[in-house]
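In terms of numbering that gives the first Met the number 0, the sequence shown opens at residue 0 and continues consecutively. Beta carbons: idealized from backbone N, C-alpha and C, even for Gly. Report on the structure given below.
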Amino acid sequence: MKYYSISWDYDNLEVIGHYPQTSLKKGYNPSLPDSHWAVEPHSFPNFIPNLELELHKDANATDYLHFGDISGIIVSGKFRAILKKINLPPHAFYPIKVYLKGTLLEYFWFHYAINDFFSWLDKEESKAIIYDDKNGVYKVISELNLSLSLEEIEKINQKLPWHQRMKWEKIIFKKEFPKYDVYKTRGLDLKNFISERLLNALLDTGMTGFTSKPIENIICK
Numbered sequence: 000m001k002y003y004s005i006s007w008d009y010d011n012l013e014v015i016g017h018y019p020q021t022s023l024k025k026g027y028n029p030s031l032p033d034s035h036w037a038v039e040p041h042s043f044p045n046f047i048p049n050l051e052l053e054l055h056k057d058a059n060a061t062d063y064l065h066f067g068d069i070s071g072i073i074v075s076g077k078f079r080a081i082l083k084k085i086n087l088p089p090h091a092f093y094p095i096k097v098y099l100k101g102t103l104l105e106y107f108w109f110h111y112a113i114n115d116f117f118s119w120l121d122k123e124e125s126k127a128i129i130y131d132d133k134n135g136v137y138k139v140i141s142e143l144n145l146s147l148s149l150e151e152i153e154k155i156n157q158k159l160p161w162h163q164r165m166k167w168e169k170i171i172f173k174k175e176f177p178k179y180d181v182y183k184t185r186g187l188d189l190k191n192f193i194s195e196r197l198l199n200a201l202l203d204t205g206m207t208g209f210t211s212k213p214i215e216n217i218i219c220k
């Protein structure tokens with residue numbers, strides 16, 4: 000199975016119409032207990048999150064909307080219909096309010112939790128590194144010990160100086176991996192990625208607002 004990155008098509012103004020595309024709706028309070036701030040990245044709340052966005056007056060209502068303050072992605076009803084037909088990790092579709100020039104549009108917050116990433120990872124064949132890019136000079140510091148737990152890796156990551164980062168050099172999933180059509184990395188550089196099957200479905204149905212690139216270092220046995 001081949002995987003592709005998926006991200007917002009931020010530099011294509013012909014598609015998105017305006018940069019930035021969205022903002023919090025005037026009057027929305029993110030400090031309320033049911034707001035998007037109260038949703039943890041890799042778990043599901045015991046409430047329906049409240050999120051209200053407003054498209055810029057010159058923005059287009061694309062099927063994939065950008066809002067960088069959540070874990071997951073915002074999709075149209077047509078995009079959601081495609082996602083519901085494929086192999087997804089634990090997830091939820093939360094209806095949210097998106098307005099364009101005062102008109103309420105149909106959108107959903109596709110929130111998915113990845114708590115099994117390291118259980119599917121072939122740690123002996125996969126590879127991750129710590130690198131330094133201070134003053135624009137790239138230098139590998141060390142190879143990361145993948146036998147560590149996710150919690151231990153995240154602690155190391157948090158203690159790195161600002162000019163050092165962790166990244167995946169190679170991700171090899173075990174043959175038992177469920178081959179989800181949507182997934183994301185954990186512990187290091189966080190990346191959303193989708194299967195070639197899902198990408199083809201999105202392209203065939205003309206979904207808008209996203210861009211993708213092939214990822215060569217993710218391999219399923």
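DSSP places Trp-167 in the uninterrupted beta strand (DSSP E) bounded by 163-172. In this model, His-35 and Ile-5 are separated by some 22 Å (Cα to Cα). The secondary-structure analysis by DSSP pairs Lys-183 across a beta bridge with Asn-191.
With contacts defined as CB atoms closer than 8 Å, Asn-216 and Trp-161 fail to qualify as a contacting pair. Per DSSP, the continuous beta strand (DSSP E) segment holding Phe-209 begins and ends at 209-214. In the three-state reduction of the DSSP assignment, Leu-23 falls in the strand class, which pools E and B.
Contact between His-110 and Ser-70 holds, with the beta-carbon distance rounding to 6 Å and staying under 8 Å.
Thr-204 places its beta carbon less than 8 Å from that of Lys-77.
For Glu-123, the closest C-alpha among the options Tyr-18, Phe-43, His-55 and Phe-172 is that of Phe-172.
Runs of the alpha helix (DSSP H) lying entirely within the stretch 88-131 and spanning at least 4 residues, in chain order: 116-119.
When Cβ pairs closer than 8 Å are counted between the two stretches, the stretch 139-152 is seen not to touch the stretch 189-197, the count staying below three. Take Ile-218, set aside five residues on each side of it, and the residues of its chain with a beta-carbon closer than 6 Å to its own are Ile-171, in chain order. In the displayed model, Val-14 falls within a helix according to three-state DSSP. Ranked by Cα distance from Val-97, the options Ala-127, His-90, His-65 and Asn-86 are led by His-65.
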